[in-house]
Amino acid sequence: LASHPMMVQALSRLILLMFNLHALYRLAGAADRNFGDKRRQQHPIVGGYLLLVTAVQFHLPFYGSRMLPNVFALVLVVHGYAEWIG
47 LASHPMMVQA LSRLILLMFN LHALYRLAGA ADRNFGDKRR QQHPIVGGYL
97 LLVTAVQFHL PFYGSRMLPN VFALVLVVHG YAEWIG
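Quick note, our numbering runs 46 ahead of the 1-based positions in the sequence shown.
This is the structure in structure tokens:
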């Protein structure tokens, strides 16, 4: 890996993106449990809309794998919000 720095960068960005996606999915699940309709457990609406709005906006999908300090903090903040909501 030391001889392939672009591979190391791509792998580390992929790992950071996976952490961000996991945090957002966890936040969507917490929103479903707390704000969703209790009768519609098969088809969660609130979390699905949260993920849809997050996916179609520009900022989070673009910066989700960038090696910036605020992206690292975003993972912790979204996990904290998921814990707080759920």
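C-beta: ideal position from N, C-alpha, C; glycine also.
{"Asked": "Starting from M52, trace the alpha helix (DSSP H) both ways and give me its first and last residue.", "Found": "51–81"}
{"Asked": "Where does the unbroken alpha helix (DSSP H) through G126 begin, and where does it stop?", "Found": "115–131"}
{"Asked": "Where does G110 fall in DSSP's three states?", "Found": "coil"}
{"Asked": "Where does L97 sit, in a helix, a strand or coil, going by DSSP?", "Found": "helix"}
{"Asked": "Would you report the Cα separation of L73 and S58, rounded to the nearest angstrom?", "Found": "23 Å"}
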